[in-house]
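Below is one structure, written out as structure tokens; the observations come after it.
2 protein chains.
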Amino acid sequence: MSHVEFQTSPDGYRHWRVGIEGPVATLTMDVDEQGGLVPGYELKLNSYDLGVDIELYDAVQRLRFEHPEVKAVVVTSGKEKIFCAGANIRMLAASEHSWKVNFCKFTNETRGGIEDATENSGQTYLAALGGTASGGGYELALACDKILLIDDRSSVVSLPELPLLGVLPGTGGLTRVVDKRHVRRDLADYFATKSEGIGGKKAAAWKLVDEVVPRVRWQEVVAERARGYAESARRLPGGPGIELTPLHKDRTATASTVHIKYVHVTAAIDRDRAVAEITVTGPPAAVSPAAVSPATVSPAAVSPATVSPATVSPAAVSPATGPASMDDVREQGAAFWSLAVARELDDLILDLRTNEPEIGTWLIRTAGDPARVLAYDDLLLAYYDSDWLAREIVLYWKRTLKRLDVTSRSLIALIEPGSCFAGSLLELALAADRSFMLFGLFEDGEPGAAPATVTAGPMNFGPLPMGNGLTRLQTRFLGDDDALVTVDRLQGRALLAQAALERGLVTFAPTTSTGPTRCGSRSKNARRSLPTR
Amino acid sequence: MSHVEFQTSPDGYRHWRVGIEGPVATLTMDVDEQGGLVPGYELKLNSYDLGVDIELYDAVQRLRFEHPEVKAVVVTSGKEKIFCAGANIRMLAASEHSWKVNFCKFTNETRGGIEDATENSGQTYLAALGGTASGGGYELALACDKILLIDDRSSVVSLPELPLLGVLPGTGGLTRVVDKRHVRRDLADYFATKSEGIGGKKAAAWKLVDEVVPRVRWQEVVAERARGYAESARRLPGGPGIELTPLHKDRTATASTVHIKYVHVTAAIDRDRAVAEITVTGPPAAVSPAAVSPATVSPAAVSPATVSPATVSPAAVSPATGPASMDDVREQGAAFWSLAVARELDDLILDLRTNEPEIGTWLIRTAGDPARVLAYDDLLLAYYDSDWLAREIVLYWKRTLKRLDVTSRSLIALIEPGSCFAGSLLELALAADRSFMLFGLFEDGEPGAAPATVTAGPMNFGPLPMGNGLTRLQTRFLGDDDALVTVDRLQGRALLAQAALERGLVTFAPTTSTGPTRCGSRSKNARRSLPTR
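Protein sequence lines correspond, in order, to chains A and B.
Using our numbering, the first residue of the first sequence is number 1042, and each one after it goes up by one.
Using our numbering, the first residue of the second sequence is number 1042, and each one after it goes up by one.
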């Protein structure tokens, strides 16, 4: 399989058109039959492959960040008589199992993002089915808040996977029909065995669609409904959109290694060991956009002296450690650290999942000042309910971390001296399968370095829920409310290894090879710095 | 695979011993290595196959019905140094996929039954691991409310499936470790990759077991804990146990057909059509045990005149239609209709699942008087909170219907004249994937026959939840509370096809081939008999 990049922009779309008229955007699916991501199949009948879905994902993201004025999004088709025939069957037949799993996962995540925009961003999605929507095409419609179907005696919705292919509609079809749209299960069972689909009034009576509209009134009713949703949608104020400028991404590969370098995130892939070492760098010291460059935020440039081994309280965070206001954030735009890191992580996760399926272990490190991470978090949360951009950035972190949760790799967080696992970045450790926090210091570490700490903050207690609706800490301490309360009380305090281990925030706290003596002395230090309970 | 029967009794056990001392029962697993259900493997190290689990299921059921005095059940091993090594690997390796799925499903259901006994019957299960419990052995322990592990420097618990076999611990291992016992996920992840397992204090600290006990105090502490659980368990009064006498089961087979006949349940299997036609007969007219014989309850003996096409209200049920008291029930014992039907259905489901994997469609009919079904239901529910036997019978119905829910066959309910889909038997139609209710009468039906009805009753509104914790009606009308309330208000009323269809209780209401005229007139009748809303 050839290399796949997930970065694109409307100028480069081959399969979608984006039209914006005031508060209503229209995403028109008009798949280029010859535009398959890999050779060997034609994308007939508006069927899709990963390339088509990458464009859809990009469009949904840009609507959120670049077009805050948009409050309703109509998803429709540029083809006559057909909305979308779903995932391309020939593409699926020619694909390896791992490719199909990865493809469906991404497709599901994009549909989840559409629902997230409807629910949390005040951009309500409306599927306007001017023709038949079958299989994944109907599943795309199911991700929208409302479904309109043209009533022309031929257009239907269908999930023909079972009768035609003997597989289940796996991109949310069965679950959304039953659990989201509340189609009665016996009717859903019948529907899923009826390859010719269901249209007209029965489709509405069974709740498969919300409304069927005669052909003569189609355009008018779709526009009317979109305006209605736009009027009732609640989108926060906060100024015009910001442009999602192209990521700075540098990829160099040899036979056995790949290095991917963004501004704040790097990944070193060792194919022989099947390991990717990922490092996320914390916010830069200065706030002006000019200061956000790789040179100022490389791990070496972070003085260990800025990482206090003792308690770090939020009150101690000076304005200099974070942006002063949302105006600063808007000025920095896509270069603003929190947004830039979310984009870089998002792209890296998708890149590694798709292009490096054999790299089974991801080691995740951070480097920087924990206090600064918390300061950035605090600003976003202070404006979460009043500024669309603050909210969008937090929602993007939520989705990116959820992507990490369902990434089928062994995720190991390595918490080492100079790291900044605090608040939003602590979520990376909590999303990992296991975490190892160095007890003490590396033998060959920098002189004067301070041992690693972890710091919980408000981001760990609500704004970034997992797919189960719980925070990662709630999930971690399921059934152990005391442990959760204890960590809650320790918000803003930098915890050394011993304390983090005792509080259940890390899996293991190994010592280095320097043996028990030095670690023993560190252990005493650790105990001295523990807050009293 | 040879024919498997699920009926057994302690006299015939090869792998388990049951000991009862007052309120404490001990189930000792002592697997006969040479006692495999099919040739080709030895059941070493207390490993199990379906035959071992059939005995466990039987023992759990008998403790509930035959030994209401038992309030704590100790599950332990008769082997030195080993509790149970889980499902036999050679057996699994030699089995077809469908056999393994069916085996694991039954095993899961038995473990679910152990949890149901602990939660709802006041029989608390305690796993006493006097040796290592690995894989399915640990999963059996996980089904118990408490786990004690001997602390002897060698006994451990483990889920070695992943490192040793590359499969997940699928009989509840991962889910119960995390969601039931609340082992922290990162620790559970580590545990599931550590084939050598975890014992001693760490097993308790990580919540993998509840208590580790030194060898010298083992017997004493196990007995002490069992007594403690027995003292705190709440088991309802209601007299001594009743014997689960052997089922009357007659099985006759030809090359293409099988007929299975119990007292109240029959199944006619047509291998050419891959269909099983199942008929459940309603309660007999008389209440004395002598009257409960196949002759009096065969479908032909049920006069259609007893099925009123008009409304049947609970108040109209005379004492003669049901047992007068729980004393009557106790006198009838295992022959009591509600219990006998649950046992027969349970056995039939297991038989067909295991012995007839190619029979993909099960057609389910009932025959009898709906009012009588409701009368039997009412008696059980009236004593649900005060009589252990009434409660056990309802709980058994709950488990049997859940078994039906997860049976991977197409289940079709056929609701025809002379049927009694009311209350507990209506659940059969609600558990089906689809239901067809005849609109009108069969052309060749009996003269004077009345059309089919369905009747909701108290059993449909709480006592028989599905695995999702909701009733079948709540699940059916998910998100449509009005529909649920409407059906609730119609409790006790016999609804004809048109009304049942309008209320969403049946999937389809086809007419017979006599055409629309006659069905049209039936339709008017149906409307006349509808209660006003």
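Note that beta-carbon positions come from the ideal geometry of N, C-alpha and C, so glycine has one too.
Establish whether the CB of residue i and some CB of chain A are separated by less than 9 Å.
{"i": "H1138(B)", "result": "no"}
{"i": "S1476(B)", "result": "yes"}
{"i": "G1401(B)", "result": "no"}
{"i": "G1545(B)", "result": "yes"}
{"i": "V1219(B)", "result": "yes"}
{"i": "Y1089(B)", "result": "no"}
{"i": "Y1270(B)", "result": "no"}
{"i": "Y1231(B)", "result": "yes"}
Between residue i and chain B, is there a C-beta pair that is closer than 9 Å?
{"i": "D1186(A)", "result": "no"}
{"i": "V1370(A)", "result": "no"}
{"i": "P1557(A)", "result": "At P1557(A) the pLDDT is 35, less than 50, meaning the model places this residue with poor confidence; the figure from the coordinates comes in the next sentence. Not closer than 9 Å to any Cβ of chain B, the Cβ of P1557(A) fails to qualify, so no."}
{"i": "H1289(A)", "result": "no"}
{"i": "T1548(A)", "result": "yes"}
{"i": "H1473(A)", "result": "Correcting the residue type first, residue 1473(A) is Ala in the shown sequence and not His. It does; some Cβ of chain B falls within 9 Å."}
{"i": "T1228(A)", "result": "Before going further, note that residue 1228(A) is Leu rather than Thr in the sequence given. L1228(A) counts as touching chain B."}
{"i": "Y1417(A)", "result": "no"}
{"i": "Y1437(A)", "result": "no"}
So the beta strand (DSSP E) residue i belongs to, where does it begin and stop?
{"i": "M1478(A)", "result": "1475-1478"}
{"i": "G1060(A)", "result": "1057-1062"}
{"i": "G1174(B)", "result": "As written in the sequence, residue 1174(B) is Ala, which differs from the Gly given in the question. Residues 1173-1175."}
{"i": "A1135(A)", "result": "A1135(A) -> not in any beta strand (DSSP E); alpha helix (DSSP H) instead, spanning 1130-1135."}
{"i": "D1192(A)", "result": "1187-1192"}
{"i": "Y1166(A)", "result": "1165-1170"}
Just reading off the alpha helix (DSSP H) that residue i is part of, what are its end residues?
{"i": "I1155(B)", "result": "1138-1161"}
{"i": "F1518(B)", "result": "Unbroken run through F1518(B): none, as it is neither H nor E."}
{"i": "K1242(A)", "result": "1241-1246"}
{"i": "P1411(B)", "result": "1411-1423"}
{"i": "E1261(A)", "result": "1259-1273"}
{"i": "T1527(B)", "result": "1522-1530"}
{"i": "M1070(A)", "result": "It is not in any alpha helix (DSSP H) - M1070(A) instead sits in the beta strand (DSSP E) that spans 1065-1070."}
Rounded to whole angstroms, what is the Cα-Cα separation between residue i and residue j?
{"i": "T1496(B)", "j": "L1086(A)", "result": "48 Å"}
{"i": "G1545(A)", "j": "A1524(A)", "result": "8 Å"}
{"i": "Y1303(A)", "j": "W1140(A)", "result": "25 Å"}
{"i": "G1178(B)", "j": "K1187(B)", "result": "14 Å"}
{"i": "K1443(A)", "j": "P1210(B)", "result": "24 Å"}
{"i": "V1328(A)", "j": "I1283(A)", "result": "Legend: pLDDT at V1328(A) = 45, less than 50; position of this residue unreliable, value from coordinates given subsequently. The alpha-carbon atoms of V1328(A) and I1283(A) are separated by roughly 18 Å."}
{"i": "A1408(B)", "j": "A1491(B)", "result": "13 Å"}
{"i": "F1483(B)", "j": "M1507(A)", "result": "55 Å"}
{"i": "Q1102(B)", "j": "R1152(B)", "result": "12 Å"}
{"i": "S1334(B)", "j": "H1289(B)", "result": "In this prediction, S1334(B) scores a pLDDT of 35, lower than 50, which makes its location untrustworthy; no coordinate-derived value is stated."}
{"i": "R1256(B)", "j": "I1191(B)", "result": "6 Å"}
Thinking C-alpha only, which one of the options is nearest residue i?
{"i": "F1124(B)", "options": "G1077(B), L1525(B), D1311(B), S1196(B)", "result": "S1196(B)"}
{"i": "N1129(A)", "options": "A1182(A), G1176(A), S1379(A)", "result": "G1176(A)"}
{"i": "G1280(A)", "options": "V1262(A), L1455(A), M1132(A), S1427(A)", "result": "S1427(A)"}
{"i": "S1199(A)", "options": "I1239(A), G1172(A), G1486(A)", "result": "I1239(A)"}
{"i": "T1049(A)", "options": "T1069(A), E1096(A), K1443(A)", "result": "E1096(A)"}
{"i": "D1193(A)", "options": "A1244(A), R1384(A), E1397(A), P1458(A)", "result": "A1244(A)"}
{"i": "T1234(A)", "options": "L1203(A), T1216(A), V1263(A)", "result": "L1203(A)"}
{"i": "L1068(B)", "options": "N1501(B), G1269(B), D1094(B), E1252(B)", "result": "D1094(B)"}
{"i": "G1459(B)", "options": "A1472(B), R1475(B), L1479(B), L1469(B)", "result": "L1479(B)"}
{"i": "T1548(B)", "options": "F1232(A), R1217(A), L1469(A)", "result": "F1232(A)"}
{"i": "G1063(B)", "options": "K1112(B), A1100(B), L1422(B), V1316(B)", "result": "K1112(B)"}
{"i": "T1322(B)", "options": "D1410(B), Y1166(B), T1148(B)", "result": "D1410(B)"}
{"i": "E1272(B)", "options": "Q1164(B), W1403(B), D1090(B)", "result": "Q1164(B)"}
{"i": "L1536(A)", "options": "F1518(A), G1520(A), G1481(A)", "result": "G1481(A)"}
{"i": "L1466(A)", "options": "V1306(A), I1191(A), D1251(A), Y1098(A)", "result": "V1306(A)"}
Using beta-carbon positions only, say whether residue i and residue j come within less than 9 Å of one another.
{"i": "A1541(A)", "j": "I1456(A)", "result": "yes"}
{"i": "A1383(A)", "j": "W1429(A)", "result": "no"}
{"i": "A1463(B)", "j": "G1498(B)", "result": "yes"}
Using only the heavy atoms of the ligand ADP, determine whether one of them is closer than 8 Å to the beta carbon of residue i.
{"i": "D1368(A)", "result": "For the ligand ADP, the structure offers nothing, since it holds no ligand at all."}
For residue i, go through chain D and note every residue whose CB falls closer than 9 Å to its CB, in chain order.
{"i": "H1223(A)", "result": "The structure shown contains no chain D; the protein chains it does contain are A and B."}
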